[in-house]
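**Q**
In the numbering used here, the protein residues as written are 15 to 887.
Here it is as structure tokens:
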């Protein structure tokens with residue numbers, strides 16, 4: 015019999031919508047990749063090593079130092095060294111007696127290790143794309159092996175061997191550079207001690223050796239403490255004292271060993287940290303690392319400073335210099351050429367090391383000419399010729415013309431100033447000002463955007479929106495009128511992306527949108543049922559959402575302000591553990607209830623092993639992370655569970671979860687309708703166990719509130735578009751409620767190594783995603799169950815197209831958000847906050863689109879739906 019024309023038409027229409035939906039989702043990663051390559055290009059660098067130009071300037075001045083110990087304490091914020099609460103007592107003593115010169119360095123965003131090391135060693139402003147590469151332990155594309163740095167200059171000078179102990183980021187950046195090395199991974203943030211002991215154990219032997227010219231020491235423990243428990247952690251002061259003891263060991267060796275008599279010790283942070291202990295953005299705490307130069311040679315030559323002291327403005331202690339200023343300053347102090355791509359300015363505090371004005375002027379003029387080469391490469395050489403045909407001082411006052419005019423005045427006076435006995439302070443001030451202005455001009459220049467790629471990426475994103483919208487028009491199970499709230503949400507969100515303040519405080523949009531939506535759904539239900547009980551449950555749901563909103567203060571303006579965690583949970587650990595225990599008990603009950611296909615003894619045994627391992631892991635993890643929270647009964651239970659390591663406990667949890675998921679999938683495939691239902695619910699609750707394991711202990715009760723909201727939504731008759739809208743709103747609201755934001759500094763790495771002993775990019779990436787998107791993934795799972803419960807498990811499983819309608823709605827929102835964020839980044843590419851606000855937002859847009867949408871919503875959500883419909887097939 016020939017197929018029915020109606021059925022054939024429907025099949026053809028279904029095929030077309032499937033193709034369009036697939037195209038829309040394929041265009042999402044393609045558009046993101048194309049746009050990113052135009053928005054985050056690698057900046058070109060001048061190749062080769064700089065050399066002294068003795069024909070123009072004569073021989074370089076003698077260098078006061080021949081060795082360098084460069085000690086980086088990761089995340090060493092300025093107040094950790096200079097404040098009254100500091101543990102660096104010996105360092106402060108050296109500052110008081112004039113043997114140490116203190117500064118606060120300005121670390122430009124992004125404040126993560128790799129770009130900061132690039133700035134320190136090259137003196138340049140790294141590309142924002144280094145932020146992404148910083149998270150890839152296996153990356154080798156970001157190498158500085160072919161770029162000019164003071165490490166390359168020291169190696170070329172052949173003065174001695176180069177040593178490196180600590181963060182292996184240095185080994186990625188400088189492959190085959192160090193003669194002796196011992197790298198440690200920078201992302202295993204659960205380790206506060208061994209990661210530093212592995213560095214310190216090498217120091218004693220190397221201080222006795224005389225065959226090296228550079229020793230790099232990069233300590234990670236202080237940064238790890240910040241990530242785990244913040245700057246006020248009880249572990250912070252002991253770690254500062256430990257680092258101070260290292261400074262004492264190094265300095266006393268410099269004093270007592272003749273072969274170290276001309277050694278310069280530099281103590282610095284690569285970046286700071288915010289009040290939550292994180293970094294990556296541009297808050298004052300993140301951009302204000304400490305910087306201290308130490309040497310017995312300073313005493314009596316350079317001025318003394320008061321220590322400890324109070325900051326001028328929050329974290330501004332002493333003089334503030336650019337982090338890139340380290341490059342030309344170290345070059346002059348060691349007698350090597352300044353790196354070719356340097357934009358740093360020599361710190362004039364060290365000029366007293368040279369007695370003649372000629373040498374002082376030469377150091378500054380060499381630095382100025384080196385920066386001038388970069389300036390003229392960008393703007394042309396004609397304006398900057400001291401006696402050129404065009405006088406820039408007579409031209410329109412632009413930044414470039416003003417810079418050229420000032421250069422003409424300064425350079426014409428240089429020879430006159432160098433012949434005097436004393437350095438002309440007015441000329442010195444003008445030269446320092448010019449170096450800063452040139453530095454600011456080149457640093458603030460817009461990136462070398464590839465407009466063709468930006469346009470193509472934007473076009474692909476718009477194409478994805480069009481494909482998704484056409485899918486709606488051709489899909490009977492998803493009426494266009496039904497997605498109106500979704501379109502309003504997506505459009506309102508997109509328009510908001512054009513304002514930096516709204517991007518920084520995005521959480522308020524989702525909090526209010528979710529509140530209004532739940533109130534709307536409750537009002538519709540009340541109108542249908544005419545029951546007061548419905549009103550009560552709606553009010554309780556709104557109260558649960560309100561509590562969720564106040565759990566963690568996030569964003570930029572109010573980050574660190576009082577919230578439920580700070581007011582109620584941190585001062586009352588017993589209350590916290592009561593809520594945590596209730597959450598574990600509730601989840602264990604649901605796991606047992608939905609686990610079928612095994613003997614009862616096996617069900618109870620496996621559930622007991624899972625929950626006890628998960629709970630004991632969280633106790634032990636918190637005891638190391640925030641020991642002040644493990645008190646009373648929690649401490650007794652922790653002592654009772656002593657035995658297995660954190661690594662083993664996490665592996666037991668992951669192993670049992672994986673085993674029970676496999677049991678659930680097997681039951682769904684082999685069983686009937688009931689088995690499919692229980693298996694889908696089982697997987698949802700097993701994910702909740704995983705989310706609890708990967709969340710900070712103070713966030714675990716949020717999953718209890720989410721469970722109530724899910725229970726409330728299950729009682730409401732919701733259409734497919736309403737479930738989709740609910741899913742999006744609660745995914746975003748929960749992300750911010752868990753402490754997320756649009757700042758890179760809010761990325762939580764504390765649980766990235768649970769159950770892992772060595773770096774693995776896939777495992778660490780997955781655990782990091784679950785840690786930071788625990789709430790959104792929960793709502794992906796929960797709303798998939800709502801779809802199954804209200805549209806696929808009813809009517810004997812006859813309702814078709816449910817999943818496709820839901821995925822289409824999710825795709826519409828994602829494509830809209832991607833297109834709007836790209837449009838905002840393109841339109842505002844010259845905005846003052848492009849690198850501090852809009853670029854991080856684009857990276858988060860990538861994470862939401864590629865990770866949460868494609869991997870979780872489409873991948874995990876579809877897989878869970880598949881499990882739930884096996885018995886209905």
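Backbone N, C-alpha and C fix where the C-beta goes; we use that ideal spot for every residue, glycine too.
Does the beta carbon of residue 318 fall short of 7 Å from some heavy atom of the ligand ATP?
**A** This structure simply doesn't include the ligand ATP, nor any ligand for that matter.
**Q** Select from 842, 470, 486, 712 the residue whose C-alpha is nearest the C-alpha of residue 243.
**A** Within the chain shown, the letter at position 229 stands for residue 243. Per the Cα distances, 712.
**Q** Could you give the DSSP three-state label for residue 286: helix, strand or coil?
**A** Along the chain shown, one-based indexing puts residue 286 at 272. It is coil, neither helix nor strand.
**Q** So what's residue 151 in DSSP terms, helix, strand or just coil?
**A** By one-based count along the chain shown, residue 151 stands at place 137. With a pLDDT of 45 at residue 151, under the threshold of 50, the modelled position of this residue cannot be trusted, and the question is left open.
**Q** Leaving aside the five residues before and after residue 269 along the sequence, list all residues of the same chain whose C-beta is less than 8 Å from its C-beta, in chain order.
**A** The residue you call residue 269 lines up with position 255 of the chain shown. Contacts found: 310.
**Q** Determine the burial state of residue 128: buried for a count of at least 16 other Cβ atoms within 10 Å of its Cβ, exposed for fewer.
**A** The residue you call residue 128 lines up with position 114 of the chain shown. Classification of residue 128: buried, given that the 10 Å Cβ count is 16 or more.
**Q** Hey, out of 804, 245, 441, 404, whose CA is closest to residue 888's CA?
**A** The shown model of the chain, from 15 to 887, leaves out residue 888, and the question about it has no answer.
**Q** Could you give the first and the last residue of the continuous alpha helix (DSSP H) run that contains residue 83?
**A** Translated into the one-based positions of the chain shown, residue 83 becomes position 69. Where residue 83 is concerned, there is no enclosing alpha helix (DSSP H), although the beta strand (DSSP E) it sits in stretches over 81 to 87.
**Q** Measure the beta-carbon distance from residue 795 to residue 701 and round it to whole angstroms, keeping in mind my assumption that it falls under 8 Å.
**A** For this step, residue 795 is matched to residue 781 along the chain shown. For this step, residue 701 is matched to residue 687 along the chain shown. Right, the Cβ-Cβ distance comes to about 5 Å (below 8 Å), so this counts as a contact.
**Q** Have a look at 536, 561, 563, 31 and flag the residue whose alpha-carbon is nearest the alpha-carbon of residue 550.
**A** The residue you call residue 550 lines up with position 536 of the chain shown. Out of 536, 561, 563, 31, 536 has the C-alpha closest to the C-alpha of residue 550.
**Q** Pick helix, strand or coil for residue 197, following the three-state DSSP scheme.
**A** Working through the chain shown from its first residue, we reach residue 197 at position 183. In this structure, residue 197 counts as strand in the three-state DSSP scheme.
**Q** Secondary structure at residue 232, three-state DSSP: helix, strand or coil?
**A** One-based indexing of the chain shown puts residue 232 at position 218. In the structure shown, residue 232 adopts extended strand secondary structure according to DSSP, grouped into three states.
**Q** Assuming residue 475 and residue 207 make a contact with CB atoms under 8 Å, what is their CB distance in whole Å?
**A** Within the chain shown, numbered from 1, the residue matching residue 475 stands at position 461. Within the chain shown, numbered from 1, the residue matching residue 207 stands at position 193. The pair is not a contact, with the Cβ atoms about 47 Å apart (cut-off 8 Å).
**Q** Taking the continuous alpha helix (DSSP H) assigned at residue 736, which residues delimit it?
**A** In the chain shown, counting from the first residue as 1, residue 736 sits at position 722. Here the alpha helix (DSSP H) through residue 736 covers 734 to 751.
**Q** Would DSSP call residue 116 helix, strand or coil?
**A** In the chain shown, counting from the first residue as 1, residue 116 sits at position 102. DSSP places residue 116 in strand when its eight states are reduced to three.
**Q** Spatial neighbours of residue 813 within its chain, please: C-beta separation below 7 Å, excluding the five flanking residues on both sides.
**A** Position 799 of the chain shown, counted from the start, is the residue given in the question as residue 813. Beyond the five residues adjoining it in sequence on each side, residue 813 comes within less than 7 Å, by CB distance, of 805, 806 in the same chain, given in chain order.
**Q** Taking residue 456 and residue 392 to be in contact with their CB atoms under 8 Å, please state how far apart those CB atoms are, rounded to whole angstroms.
**A** For the purposes of this step, residue 456 is taken as the residue at position 442 of the chain shown. For the purposes of this step, residue 392 is taken as the residue at position 378 of the chain shown. Residue 456 to residue 392, Cβ: 7 Å. Contact.
**Q** What are the boundary residues of the alpha helix (DSSP H) that includes residue 175?
**A** Sequence index remark: in the chain shown, residue 175 carries index 161 (1-based). Per DSSP, residue 175 belongs to no alpha helix (DSSP H); it is in the beta strand (DSSP E), 175 to 181.
**Q** Locate the beta strand (DSSP E) running through residue 334, then write down its first and last residues.
**A** What you label residue 334 is simply residue 320 of the chain shown in a count that begins at 1. Looking at the DSSP string, the run of the beta strand (DSSP E) that includes residue 334 is 333 to 336.
**Q** Pick helix, strand or coil for residue 307, following the three-state DSSP scheme.
**A** As a working mapping, residue 307 is identified with position 293 in the chain shown. Residue state, collapsed to three classes: strand.
**Q** Looking at the secondary structure, which residues open and close the alpha helix (DSSP H) in which residue 768 lies?
**A** The count along the chain shown starts at 1 and reaches residue 768 at position 754. That residue, residue 768, is in no alpha helix (DSSP H); it is neither H nor E in DSSP.
**Q** Apart from the five residues on each side of it in sequence, which residues of its chain come closer than 6 Å, Cβ to Cβ, to residue 247?
**A** Residue 247 sits at position 233 when you count from the first residue of the chain shown. Here the set comprises 239.
**Q** Mapping DSSP to helix, strand and coil, what is residue 280?
**A** Locating residue 280 in the chain shown gives position 266, where the first residue counts as 1. DSSP places residue 280 in strand when its eight states are reduced to three.
**Q** How would you label residue 762, buried or exposed, when you count the other beta carbons within 10 angstroms and need 16 or more for buried?
**A** As a working note, residue 762 is residue 748 in the chain shown. Per the 10 Å Cβ criterion, buried.
**Q** Taking 8 Å as the cut-off, decide whether the C-beta atoms of residue 294 and residue 124 are in contact.
**A** Translated into positions along the chain shown, residue 294 becomes position 280. Translated into positions along the chain shown, residue 124 becomes position 110. For the pair residue 294 and residue 124, the CB atoms are nearer than the 8 Å cut-off.
**Q** Rounded to whole angstroms, what is the Cα-Cα separation between residue 454 and residue 296?
**A** Reading the chain shown from its first residue, position 440 is the one you call residue 454. Reading the chain shown from its first residue, position 282 is the one you call residue 296. Each residue's alpha carbon lies about 17 Å from the other.
**Q** Determine whether the beta carbon atoms of residue 500 and residue 738 lie at a separation below 8 Å.
**A** Numbered from its first residue, the chain shown carries residue 500 at position 486. Numbered from its first residue, the chain shown carries residue 738 at position 724. The answer is yes: Cβ separation under 8 Å.
**Q** Specify whether the stretch 342 to 356 and the stretch 159 to 169 touch according to this definition: at least 3 beta carbon pairs, one from each stretch, less than 8 Å apart.
**A** These segments touch.
**Q** Determine the burial state of residue 619: buried for a count of at least 16 other Cβ atoms within 10 Å of its Cβ, exposed for fewer.
**A** Numbered from 1 along the chain shown, position 605 holds the residue referred to as residue 619. Under this definition residue 619 is an exposed residue.
**Q** Closest by CA to residue 706, which one among 667, 120, 438?
**A** Your numbering for residue 706 matches position 692 in the chain shown. Among 667, 120, 438, the Cα nearest to that of residue 706 is on 667.
**Q** What does a CB cutoff of less than 6 Å around residue 789 pick up in its chain, not counting 5 residues either side in sequence?
**A** On the chain shown, position 775 is the one that residue 789 refers to. The residues are 748, 749, 752.
**Q** Report the CB separation of residue 689 from residue 473 in whole angstroms; it is logged as a contact under 8 Å.
**A** One-based indexing of the chain shown puts residue 689 at position 675. One-based indexing of the chain shown puts residue 473 at position 459. In fact, because the Cβ distance is near 47 Å, the residues do not count as touching under 8 Å.
**Q** Name the residue from 217, 101, 253 whose alpha carbon lies nearest to the alpha carbon of residue 267.
**A** Residue numbering aside, residue 267 sits at position 253 when the chain shown is read from its first letter. Of 217, 101, 253, the residue nearest in Cα terms is 217.
**Q** Rounded to the nearest angstrom, what separates residue 888 and residue 757 at their Cα positions?
**A** Residue 888 lies beyond the range of the chain shown here (15 to 887); nothing can be said about it.
**Q** Counting only the same chain and skipping the five closest in sequence on each side, list residues whose C-beta sits under 8 Å from that of residue 160.
**A** Taking the first residue of the chain shown as 1, we reach residue 160 at position 146. Answer for residue 160: 61, listed in chain order.
**Q** Quick one: using the 10 Å Cβ neighbour count with 16 as the cut-off for buried, is residue 154 buried or exposed?
**A** For the purposes of this step, residue 154 is taken as residue 140 along the chain shown, with counting starting at 1. Residue confidence for residue 154 is low, a pLDDT of 43 falling below 50, so the modelled location carries little weight; the figure read from the coordinates is stated next. Residue 154 comes out exposed.
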